[in-house]
Structure formats: structure tokens, C-alpha cells
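Respectively, the protein sequence lines represent chains A and B. Under our numbering, the first residue of the first sequence carries the number 49, and numbering increases by one thereafter. Under our numbering, the first residue of the second sequence carries the number 49, and numbering increases by one thereafter. Glycine is no exception: its CB is placed at the ideal position from the N, C-alpha and C atoms.
Number of protein chains: 2
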Amino acid sequence: MSTGTAGRRVRGQGRESLLEVAVGEFITRGYDATSMEDLSRAAGITKSSFYHHFASKEALLRAALERALSGLFALLDEPGATAGPALARLRHIVRGQVAVLQGDLPYVTLLLRVRGNTATERWALEQRRAFDGQIAALVREAVEAGEIRAGVEPALAARLLSGLVNSVVEWYRPGRPGAGSLPDDVARAAFEGILPAAG
Amino acid sequence: MSTGTAGRRVRGQGRESLLEVAVGEFITRGYDATSMEDLSRAAGITKSSFYHHFASKEALLRAALERALSGLFALLDEPGATAGPALARLRHIVRGQVAVLQGDLPYVTLLLRVRGNTATERWALEQRRAFDGQIAALVREAVEAGEIRAGVEPALAARLLSGLVNSVVEWYRPGRPGAGSLPDDVARAAFEGILPAAG
Chain A
49 MSTGTAGRRV
59 RGQGRESLLE
69 VAVGEFITRG
79 YDATSMEDLS
89 RAAGITKSSF
99 YHHFASKEAL
109 LRAALERALS
119 GLFALLDEPG
129 ATAGPALARL
139 RHIVRGQVAV
149 LQGDLPYVTL
159 LLRVRGNTAT
169 ERWALEQRRA
179 FDGQIAALVR
189 EAVEAGEIRA
199 GVEPALAARL
209 LSGLVNSVVE
219 WYRPGRPGAG
229 SLPDDVARAA
239 FEGILPAAG
Chain B
49 MSTGTAGRRV
59 RGQGRESLLE
69 VAVGEFITRG
79 YDATSMEDLS
89 RAAGITKSSF
99 YHHFASKEAL
109 LRAALERALS
119 GLFALLDEPG
129 ATAGPALARL
139 RHIVRGQVAV
149 LQGDLPYVTL
159 LLRVRGNTAT
169 ERWALEQRRA
179 FDGQIAALVR
189 EAVEAGEIRA
199 GVEPALAARL
209 LSGLVNSVVE
219 WYRPGRPGAG
229 SLPDDVARAA
239 FEGILPAAG
């Protein structure tokens with residue numbers, strides 16, 4: 049049970065499931081306050097088994113943040129995000145962002161909590177800024193093309209859009225009723241109002 | 049300079065400015081990771097001077113969170129929030145929330161980061177839930193009165209509304225251009241859409 053190569057996969061822990069455990073601990077305890085000791089204990093394996101899969105705590109963080117970021121950036125290359133009017137492309141991306149958030153909730157939660165104390169965190173912040181920059185450029189494009197009602201300030205709209213979408217991590221839990229329509233619901237709220245007046 | 053009662057107010061630090069320093073440290077370091085030692089150093093006074101004003105770190109947190117919460121709850125008693133159609137009352141409250149956030153940015157930021165590890169944090173979370181509950185009730189009232197376009201689900205709308213408003217703490221910094229119109233801009237985004245289609 050604990051000899052030879054089996055010792056590296058106690059309780060069948062592969063790289064993927066260790067990452068999942070680590071992300072859970074980072075979210076609960078905070079990244080800075082979590083030690084490799086804490087992570088090994090949570091995963092039920094020895095520290096050296098843990099190091100076999102990930103060279104350091106920061107390597108775990110990097111892998112987790114990469115997962116969240118790759119899901120988000122992949123959206124920008126989808127046909128719905130690259131062709132057609134800017135407003136329709138934005139709607140496609142917003143729906144996709146919510147779906148990524150739903151599918152990779154802990155990873156996206158971690159990404160949104162990053163504050164920039166380590167090189168990896170600063171890298172992730174830069175990536176987030178790059179993503180938000182692409183959205184902001186698309187918002188400007190929609191405003192300049194006259195697709196958006198007059199008076200909307202592009203930089204503010206881009207920030208509020210990002211804030212609305214990202215706020216979903218604060219309360220969304222998988223399996224709740226309404227999860228399937230959430231991407232469309234959030235998009236409708238962003239483009240038509242959270243509380244649009246009747247008539 | 050350091051004798052008698054003057055010793056209690058080195059550098060003229062009163063209760064209010066110590067609270068401000070503490071909130072800044074809590075936000076930067078995280079509440080759990082901040083010691084009274086850190087706070088005294090940041091304020092430039094001795095630990096015992098600090099204890100003269102606040103009995104404990106948790107007392108500081110409580111005072112800071114009370115300030116944020118009292119500003120928010122006061123909104124609910126304003127005439128604009130208590131009389132008239134539910135949708136207009138909601139709009140009044142949303143504008144007010146943004147104004148409180150602008151005026152007491154560090155305090156509201158701290159409130160929104162609270163996770164519930166201590167009795168004070170759990171108390172603050174309960175207060176936040178009570179506040180959100182009042183907003184949610186008002187949203188339901190507006191939906192039931194037919195003031196809102198059909199198809200809007202009250203619980204989801206209340207969550208998105210709170211998420212939109214609270215997301216402003218992530219990027220708002222006092223003194224930037226556009227600060228004066230921000231309450232109206234956020235309200236317009238919430239009720240008419242962040243990116244409403246033209247025409």
C-alpha cells in the first residue's frame with residue numbers, strides 16, 4: 049500500500065486531483081497562509097509524494113491559474129467572438145465567460161482573488177489585464193460602430209461588465225436549479241439591464 | 049513628547065486615524081495575517097498606545113465594519129428608499145450604495161472581503177445578508193407589481209445587482225474623473241443595461 053511506485057499515488061491521487069485539493073485549500077486558507085504541509089495533509093499523501101507532482105507551491109498556483117486563464121482566452125478565438133458585429137461578439141464572450149466560470153469555478157475563483165504578491169500572481173494579473181483589455185477594445189468598437197445607445201462610456205462599461213460577470217463566483221454553486229440558463233441570464237442582464245422597466 | 053497624556057496620542061493619532069491605518073493594513077495583509085505589532089508599527093505608535101484606543105484587533109475590525117454597515121443601512125431609511133414605486137426606491141438605494149462605497153471605500157472593501165473566521169466576521173456576514181435580503185424583497189416587490197419586464201427572476205436579479213454594485217470597489221479610486229456621476233452611471237447600467245443596444 050505504501051511501497052514502490054504505489055507510494056506516489058496513495059489514494060489514487062494524480063496530478064489533476066492534487067491540483068484540485070490545492071486550489072480548495074488556497075481558496076479556504078489563502079495562498080500565502082497555505083504550506084506544502086497543509087496541502088499534503090489535505091490530500092492524504094506525504095510531502096515528498098506531493099513534490100513528485102509539483103516542484104513547489106507556486107508551481108501549483110501557476111497550474112491552477114493557467115487552467116482558468118486558458119479557458120477564458122480560448123473564448124476569444126471562438127467563431128462567435130471573432131466574426132460579426134461587436135455587440136454580438138461581446139454577448140458571445142459574456143455567455144462563454146459565465147460557462148467557463150461554472151465549469152472551472154474553483155480555478156476562476158482563485159484567479160479573481162490573486163493580489164500580486166509573487167511572480168506567478170503578478171503574471172496572472174497581467175493576463176487578466178490583457179483579457180480585460182481585449183473586452184474593452186471590443187466595447188469601444190461597439191460604441192464607435194453606433195451599436196450601443198448614446199452616452200455609454202466604453203472604459204466604465206467594460207469595467208462594469210467584468211464586475212458583473214466575475215461577481216457570479218461569489219454565490220454560484222454547481223447543481224443549483226437555473227445553472228443551465230445562467231450564461232444567457234447574465235448576458236441578458238448585461239445587455240438589457242438587471243432590472244429593466246416593464247413596457 | 050512621550051510623557052503623560054501626550055504619550056497616548058503620539059503623532060496626534062486619534063481613534064479615527066488609527067482605524068484608518070488598521071483598515072489599510074487589513075486590506076493589504078489580510079486580517080488574519082495582521083498583528084497588533086504590525087498595526088502599531090504602521091501607525092508609528094507603541095502597542096500599548098494602540099491598546100488604549102482599541103481593546104483588540106477584533107475590536108478594530110468591528111469598528112471598521114460597523115462604519116461600512118451603518119452607511120449602507122442608513123440608506124434604507126431615507127425617504128427615497130421608503131416611499132414610491134419599488135423600482136424607483138431600488139434606483140435610489142443603488143445610487144446611494146455607490147456613494148457610500150465612494151465615501152468609505154476602504155471600509156466597504158474590508159466588509160466585502162470578510163469570510164467569517166471570527167465572531168465579528170460572522171456578525172458582519174449576517175448583517176450583509178440582512179441588507180441583501182431587504183434589497184431582494186424590494187426586487188420581488190417590483191417584479192410582483194409588474195414594474196419589471198417579464199422573465200426576470202427576482203433572486204438572481206438581486207444577486208447580480210449586488211454583484212454589479214460591489215464590483216466597483218475593485219477598481220474605483222477617489223479623485224478620478226467621472227467620480228461624481230458614478231452613482232447615476234452604475235444605476236443606469238443596472239436598470240437599462242451596461243451595454244444597451246442602440247435604437
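> For chain B, is any of its Cβ atoms less than 8 Å away from the one on R221 (chain A)?
Replying inline: Translated into positions along the first sequence, residue 221 (chain A) becomes position 173. With 8 Å as the cut-off, R221 (chain A) does not count as an interface residue toward chain B.
>> According to DSSP, simplified to helix, strand and coil, what is A147 (chain A)?
In response: For this step, residue 147 (chain A) is matched to residue 99 along the first sequence. DSSP places A147 (chain A) in helix when its eight states are reduced to three.
> Do we get a CB-CB distance below 8 Å when we pair D233 (chain A) with the residues of chain B?
Replying inline: Taking the first sequence and counting its residues from 1, the one referred to as residue 233 (chain A) is at position 185. So yes, D233 (chain A) belongs to the interface.
> Which same chain residues, not among the five before or five after T94 (chain B), have their C-beta less than 7 Å away from its C-beta?
Replying inline: Here residue 94 (chain B) is taken as the residue at index 46 of the second sequence, counted from 1. Closer than 7 Å at Cβ, skipping near neighbours: S88.
>> Taking beta-carbon pairs under 8 Å, can you tell me which members of the stretch 205-218 of chain A lie near chain B?
In response: A205, R207, L208, L209, S210, G211, L212, N214, S215, V216 and E218
>> So if DSSP puts I196 (chain A) in a beta bridge, which residue, or which two residues, is it bridged to?
In response: Walking along the first sequence from the start, residue 196 (chain A) turns up at place 148. In the DSSP output, where bridge partners are listed per residue, I196 (chain A) has B:A245.
> Can you find a CB in chain A that lies within less than 8 Å of the CB of V156 (chain B)?
Replying inline: Looking up residue 156 (chain B) in the second sequence gives position 108. No, V156 (chain B) does not count as interfacial toward chain A.
>> Looking at chain E, is there any beta carbon in it that lies within less than 8 Å of the beta carbon of E240 (chain A)?
In response: The structure shown contains no chain E; its protein chains are A and B.
>> Rounded to whole angstroms, what is the Cα-Cα separation between S65 (chain B) and N214 (chain B)?
In response: The sequence position of residue 65 (chain B) within the second sequence is 17, counting from 1. The sequence position of residue 214 (chain B) within the second sequence is 166, counting from 1. The straight-line gap from Cα to Cα measures roughly 25 Å.
> Apart from the five residues just before and just after F102 (chain B), which ones in its own chain have a Cβ nearer than 6 Å to its Cβ?
Replying inline: Along the second sequence, read from residue 1 onward, the residue named residue 102 (chain B) stands at position 54. The beta carbon of F102 (chain B) lies closer than 6 Å to those of L108 in the same chain, with the five residues before and after it left out.
> Would DSSP call E201 (chain A) helix, strand or coil?
Replying inline: Counting from one through the first sequence, the residue named residue 201 (chain A) turns up at place 153. Here E201 (chain A) sits in coil by DSSP.
>> Using beta carbons (cut-off 8 Å, strictly below), is L135 (chain A) in contact with chain B?
In response: Mapped onto the first sequence, residue 135 (chain A) falls at position 87. So yes, L135 (chain A) belongs to the interface.
>> Can you pull the chain A neighbours of I183 (chain B), defined as C-beta to C-beta under 9 Å?
In response: In the second sequence, counting from the first residue as 1, residue 183 (chain B) sits at position 135. Chain A residues near I183 (chain B): none, gap ~11 Å exceeds 9 Å.
>> Please identify the residue among A:E106, A:G223, A:A206 and A:V146 whose C-alpha is closest to the C-alpha of A185 (chain A).
In response: Taking the first sequence and counting its residues from 1, one reaches residue 185 (chain A) at position 137. Ranking A:E106, A:G223, A:A206 and A:V146 by Cα distance to A185 (chain A) puts A:A206 first.
> Cβ of D80 (chain A) within 8 Å of Cβ of A90 (chain B)?
Replying inline: As a first step, residue 80 (chain A) is located in the first sequence; it is residue number 32 there, counting from the start. As a first step, residue 90 (chain B) is located in the second sequence; it is residue number 42 there, counting from the start. No; because the gap between Cβ atoms is not below 8 Å, this pair is not in contact.
>> Given this structure, state the Cα-to-Cα distance separating S97 (chain B) from A70 (chain B), to the nearest angstrom.
In response: In the second sequence, residue 97 (chain B) corresponds to position 49, counting from 1. In the second sequence, residue 70 (chain B) corresponds to position 22, counting from 1. Using only the alpha carbons, I get a separation of about 14 Å.
> If you run the structure through DSSP and keep just helix, strand and coil, what is V71 (chain B)?
Replying inline: Sequence index remark: in the second sequence, residue 71 (chain B) carries index 23 (1-based). Looking at V71 (chain B) - three-state DSSP - the assignment turns out to be helix.
> Which class does D232 (chain A) belong to by DSSP, given the choice of helix, strand or coil?
Replying inline: Position 184 of the first sequence, counted from the start, is the residue given in the question as residue 232 (chain A). D232 (chain A) falls in the helix class under three-state DSSP.
>> Does Y220 (chain A) pass the burial test, meaning 16 or more other C-beta atoms within 10 Å, or should it be called exposed?
In response: Start at 1 with the first residue of the first sequence, and residue 220 (chain A) comes out as number 172. Under this definition Y220 (chain A) is a buried residue.
>> Check whether chain B comes within 8 Å of L123 (chain A), counting only Cβ atoms and requiring the distance to be less than that.
In response: One-based indexing of the first sequence puts residue 123 (chain A) at position 75. Not one chain B Cβ lies under 8 Å of L123 (chain A).
> chain A partners of P244 (chain B), CB-CB under 8 Å?
Replying inline: Indexing the second sequence from 1 puts residue 244 (chain B) at position 196. Within chain A, the residues near P244 (chain B) are I196, R197, V200, F239, E240 and G241.
>> Can you pull the chain A neighbours of G78 (chain B), defined as C-beta to C-beta under 7 Å?
In response: Within the second sequence, numbered from 1, the residue matching residue 78 (chain B) stands at position 30. Correct list: G78.
> To the nearest whole angstrom, what separates the beta carbons of Q150 (chain B) and A227 (chain B), a pair I think is in contact under 8 Å?
Replying inline: Translated into positions along the second sequence, residue 150 (chain B) becomes position 102. Translated into positions along the second sequence, residue 227 (chain B) becomes position 179. Q150 (chain B) to A227 (chain B), Cβ: 6 Å. Contact.
> Just how far apart, CA to CA, sit L135 (chain B) and L67 (chain B)?
Replying inline: To locate residue 135 (chain B), count along the second sequence from 1; it is residue 87. To locate residue 67 (chain B), count along the second sequence from 1; it is residue 19. One C-alpha to the other measures close to 36 Å.
>> Could you give the first and the last residue of the continuous alpha helix (DSSP H) run that contains V156 (chain A)?
In response: Within the first sequence, numbered from 1, the residue matching residue 156 (chain A) stands at position 108. V156 (chain A) -> alpha helix (DSSP H) spans L153 to R161.
> Any idea if S210 (chain B) is buried or exposed, counting beta-carbon neighbours within 10 angstroms, 16 or more meaning buried?
Replying inline: Indexing the second sequence from 1 puts residue 210 (chain B) at position 162. S210 (chain B) sits buried, since 16 or more C-beta atoms from the chains shown fall within 10 Å of its C-beta.
> Are any of the Cβ atoms in chain A nearer than 8 Å to that of L138 (chain B)?
Replying inline: Here residue 138 (chain B) is taken as the residue at index 90 of the second sequence, counted from 1. Interface residue, yes.
>> Once the 5 residues before and after T157 (chain B) are set aside, which same chain residues still bring their CB inside 7 Å of it?
In response: For the purposes of this step, residue 157 (chain B) is taken as the residue at position 109 of the second sequence. So the qualifying residues of the chain are I75 and V217.
> Mind pulling the alpha helix (DSSP H) runs of 4 or more residues that sit fully within the stretch 108-138 of chain B?
Replying inline: 127-130
> Which residues bound the alpha helix (DSSP H) around F98 (chain B)?
Replying inline: As a working mapping, residue 98 (chain B) is identified with position 50 in the second sequence. Per DSSP, F98 (chain B) belongs to the alpha helix (DSSP H) from K95 to H101.
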